[in-house]
Amino acid sequence: MNQAALSLLWQATQETLLMVGAATVLAVLGGLPLGILLAVTGPGGILEKGWLNRTLGAVVNLGRSVPFIILMVAIIPFTRRIVGTSIGTTAAIVPLTVAAIPFLARLVEGALKEVDPGVIEAAESMGTTLLQIIYKVLLPEALPALVLAITVTAVNLVGYSAMAGAIGGGGLGDLAIRYGYQRFRGDIMLQTIAILVLLVQGMQMLGDRIAQKLYHRE
Amino acid sequence: MIQLKNVAKTFRGKNEVQALTGINLTIPPGQIYGIIGQSGAGKSTLLHCINLLERPDSGEVWVGGIPMTSLGPQELREARRKMGMVFQHFNLLSSRTVFGNIAFPLELNGTPKKKVRERVHELAELVGLTDKLQAYPHQLSGGQKQRVGIARALATQPQVLLCDEPTSALDPETTGSVLRLLQAINERLGLTIVLVTHELPVIQAICHAVAVLDGGTVQEAGPVVEVFTHPQSEAAQRLLQGFLTVSFSPPQLSPEGSLIRLTFLQEKANQPIISRMVRQHGVEVNILFGRIDQMQGSPFGMLLVELRGSPEEKAAALNYLQVNGVEVEVLSS
Chain P
1 MNQAALSLLW QATQETLLMV GAATVLAVLG GLPLGILLAV TGPGGILEKG
51 WLNRTLGAVV NLGRSVPFII LMVAIIPFTR RIVGTSIGTT AAIVPLTVAA
101 IPFLARLVEG ALKEVDPGVI EAAESMGTTL LQIIYKVLLP EALPALVLAI
151 TVTAVNLVGY SAMAGAIGGG GLGDLAIRYG YQRFRGDIML QTIAILVLLV
201 QGMQMLGDRI AQKLYHRE
Chain X
1001 MIQLKNVAKT FRGKNEVQAL TGINLTIPPG QIYGIIGQSG AGKSTLLHCI
1051 NLLERPDSGE VWVGGIPMTS LGPQELREAR RKMGMVFQHF NLLSSRTVFG
1101 NIAFPLELNG TPKKKVRERV HELAELVGLT DKLQAYPHQL SGGQKQRVGI
1151 ARALATQPQV LLCDEPTSAL DPETTGSVLR LLQAINERLG LTIVLVTHEL
1201 PVIQAICHAV AVLDGGTVQE AGPVVEVFTH PQSEAAQRLL QGFLTVSFSP
1251 PQLSPEGSLI RLTFLQEKAN QPIISRMVRQ HGVEVNILFG RIDQMQGSPF
1301 GMLLVELRGS PEEKAAALNY LQVNGVEVEV LSS
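In order, the protein sequences belong to chains P and X.
Position one of the first sequence corresponds to residue 1 (the numbering used here), numbered consecutively onward.
Position one of the second sequence corresponds to residue 1001 (the numbering used here), numbered consecutively onward.
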């Protein structure tokens, strides 16, 4: 492997890591509260509110039904407002985050709904406030599942980020298409794929291991 | 201590269920008060109405002079912190250790860390789990989990402990030890325990008084010994079937025989009253059925006997029994 190819790969890996890392963090900041809200306002939730739950659900479904490549282009004006440009790695983080928030929110909702209702009942019998139930019961009890949900989201973002090349976002996927496909550089194609595979494997393993550490059940 | 006035609760949904229809119940302080009934009788709903985990549709709930049913959300939370609750399936936080679970209610009311540690150790000692404080619930046996549940419920020094089928998920041996713990707590701390169960032996072992629930109403309530030996309501009689009533067809009695049921309570059960009666009054006794048991630690006995002798001898013998505090019931003569 020559110096030029190596530096291309290194650069692309950094871009992918930046996009995925930043979008994951932002998705947690947005998706976690949204998922909590979906779970607690849902049927049988501790703050049951039918209309709010249905409205949020509809918005989340809307976000999830738009294919990422279209979403990316469709929200260009929004992206420009937020980061000042619609081209480049930083700009790609915006649509990635927008796509990941509803995705993660649904996973969080599912994880929180798995928490034993009896434990919530016990907490209520001790005079907990709504926030105490969320912070001291729901989130800690669902923590292993939440870690796995975040892992799935991050892995998903690696896939999405491959499309970021369409708006000059760079990254490994972009490199594979521009060099591997369009310039017939099979070697670079293979190397990118190898890095992506390793990246996804590593992320999943890390997620599994953390979840396992936090899991205190049979 | 606890008073329910005309409490009613209906669950609406696909098919309406009238869980409680006008419950009136007074639970005196310091007692272990049992609520028994078959499944679907509404006993768990009744318990949940005491701390308003289920809000009654109508009626009033008073606990320690506080009108639970007319409290605002914040006042209700504070009132709940003065009550502990123990559950059939323990409902411990799986993400917390035994220490963390017992500490949970203390954290909620902002107890300083050092105080929390002291109190948790005190409670662990009370329930006999000092060596398990760092274990997670999944590493414990059912009985140990329930001990954690009890310790957690006692953490904030409540005046009332609500127990929802606390032993129904436990094996008989563990049931005994958990019941002894509840009894010890009642004696040592003097707190009122309300215990819901469908198992007669649980009531028999530790309860002072009992309410029999059926079809969403209290059919009968009173001291356990009274309700168990002289059930008045049909529901209570049905529940106690096999406990007192004898399920055999009456045997052929001899011409001079009478079928008599004798009930011995307290220390009477320890004395040789029957043999003295036989010696003094010249009657013969044929024991057909018997049961000697304990209720809250004091002996209790029931005998079904055939008494043979002349009418005068039998009358004198029965009189002797009554004078000596044995309850006599002539079933046929």
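We put the beta carbon where it would ideally sit given N, CA and C, even for glycine.
What you are looking at is a predicted structure, and each value in this text was computed from that prediction instead of being measured.
8 Å Cβ cut-off: residues of chain X touching residue i
i, result
"T41(P)", "The contacting residues do not exist; T41(P) stays about 17 Å from chain X at best."
"L32(P)", "Simply none; closest approach about 17 Å."
"I137(P)", "Correcting the residue identity first, residue 137(P) is Val in this sequence and not Ile. Residues of chain X passing the Cβ test: L1093."
"E141(P)", "L1093, S1094 and S1095"
Cα-Cα separation between residue i and residue j, rounded to whole angstroms
i, j, result
"G1282(X)", "V1148(X)", "59 Å"
"I69(P)", "F103(P)", "16 Å"
"L38(P)", "R106(P)", "8 Å"
"T1069(X)", "G207(P)", "47 Å"
"N1186(X)", "T1010(X)", "33 Å"
"M13(P)", "V66(P)", "The displayed chain sequence assigns Thr, not Met, to residue 13(P). Using only the alpha carbons, I get a separation of about 27 Å."
"I1150(X)", "V1127(X)", "8 Å"
"G42(P)", "L32(P)", "15 Å"
"L1189(X)", "M1083(X)", "14 Å"
"R1081(X)", "P1201(X)", "30 Å"
"V59(P)", "P1105(X)", "37 Å"
"V1210(X)", "K49(P)", "40 Å"
"P1029(X)", "T55(P)", "49 Å"
"I75(P)", "G88(P)", "15 Å"
"A22(P)", "K1114(X)", "40 Å"
"Q1159(X)", "L112(P)", "33 Å"
"V1285(X)", "K1314(X)", "10 Å"
"G1034(X)", "V200(P)", "58 Å"
"A1316(X)", "E1226(X)", "26 Å"
"L1047(X)", "V1194(X)", "8 Å"
"L131(P)", "L1182(X)", "32 Å"
Under 9 Å by beta carbon: chain P residues contacting residue i
i, result
"P1004(X)", "Checking the sequence shown, residue 1004(X) turns out to be Leu, not Pro. None at all; the shortest Cβ gap to chain P is about 17 Å."
"L1108(X)", "A123, M126, G127, T128, T129, Q132 and K136"
"F1087(X)", "G118, E121, A122 and S125"
Nearest candidate by alpha-carbon position, reference residue i, set the options
i, options, result
"F1289(X)", "I1273(X), R1261(X) and P1272(X)", "R1261(X)"
"S1094(X)", "G1110(X), A1135(X), G1065(X) and R1081(X)", "A1135(X)"
"A1205(X)", "Q1241(X), Q1159(X), H1089(X) and T1167(X)", "T1167(X)"
"T1045(X)", "D1214(X), E1329(X), R1308(X) and G1309(X)", "D1214(X)"
"L1129(X)", "T1097(X), Q1074(X) and L1303(X)", "T1097(X)"
"V147(P)", "V73(P), A58(P) and M205(P)", "M205(P)"
"G1110(X)", "S7(P), M19(P), T151(P) and M126(P)", "M126(P)"
"G93(P)", "A164(P), N2(P), K49(P) and L6(P)", "Per the sequence shown, the amino acid found at residue 93(P) is Ile instead of Gly. The residue with the shortest Cα to Cα distance from I93(P) is A164(P)."
"V40(P)", "I87(P), V28(P) and N53(P)", "N53(P)"
"W10(P)", "Q201(P), L214(P) and I195(P)", "I195(P)"
"V1218(X)", "N1024(X), R1279(X) and L1071(X)", "N1024(X)"
"A176(P)", "V73(P), G168(P), M189(P) and T153(P)", "M189(P)"
"T151(P)", "A100(P), I193(P), Q182(P) and I120(P)", "A100(P)"
"E1049(X)", "L1182(X), S1258(X) and T1021(X)", "First, the amino acid is wrong: residue 1049(X) is Cys here, not Glu. Measuring from the Cα of C1049(X), the nearest candidate turns out to be T1021(X)."
"V158(P)", "I167(P), L130(P) and T16(P)", "T16(P)"
"A981(X)", "V1305(X), A1153(X) and P1112(X)", "Limits of chain X in this structure are 1001 at one end and 1333 at the other, which puts residue 981(X) out of reach."
"R80(P)", "I167(P), L47(P), P117(P) and E121(P)", "I167(P)"
"L8(P)", "G44(P), Y179(P), V28(P) and V200(P)", "Y179(P)"
"G1100(X)", "Q191(P), P140(P) and M19(P)", "P140(P)"
"S1141(X)", "T1156(X), P1272(X), S1039(X) and L1170(X)", "L1170(X)"
Within chain P, partners of residue i - CB distance below 8 Å
i, result
"R1077(X)", "G127, T128 and T129"
"L1053(X)", "E121, E124 and S125"
"F1243(X)", "Chain P residues near F1243(X): none, gap ~31 Å exceeds 8 Å."
"R1080(X)", "E124, S125, M126 and G127"
Residues near residue i in its chain [Cβ-Cβ closer than 8 Å; skip 5 each side]
i, result
"E273(P)", "Here chain P covers residues 1 to 218 and nothing more, so residue 273(P) does not appear."
"K136(P)", "A123 and T128"
"V1116(X)", "A1103, L1106 and E1107"
Residues near residue i in its chain [Cβ-Cβ closer than 6 Å; skip 5 each side]
i, result
"Q1266(X)", "S1298"
"I1066(X)", "A1079"
"L26(P)", "T97"
"G170(P)", "E15 and T89"
"G35(P)", "A105, V108 and E109"
Cross-strand partners of residue i (DSSP beta bridge)
i, result
"E1327(X)", "T1263(X)"
"F1011(X)", "V1017(X)"
"T1111(X)", "Bridge partners of T1111(X): none, in fact."
"C1163(X)", "V1086(X) and L1195(X)"
"Q1294(X)", "P1299(X)"
"Q1003(X)", "T1026(X) and W1062(X)"
"I1035(X)", "V1196(X) and A1211(X)"
"T1217(X)", "D1214(X)"
Cβ neighbours of residue i in the same chain (closer than 7 Å, five flanking residues each side left out)
i, result
"V1328(X)", "I1260, L1262, L1318, L1321 and Q1322"
"Q1294(X)", "F1300"
"A1019(X)", "K1009, T1010, F1011, G1042, T1045 and G1216"
Contacts of residue i in chain X (Cβ-Cβ under 7 Å)
i, result
"I217(P)", "The sequence given here places Arg at residue 217(P); Ile does not occur at that position. Here the neighbours are S1094 and H1138."
7 Å Cβ cut-off: residues of chain P touching residue i
i, result
"P1105(X)", "M126"
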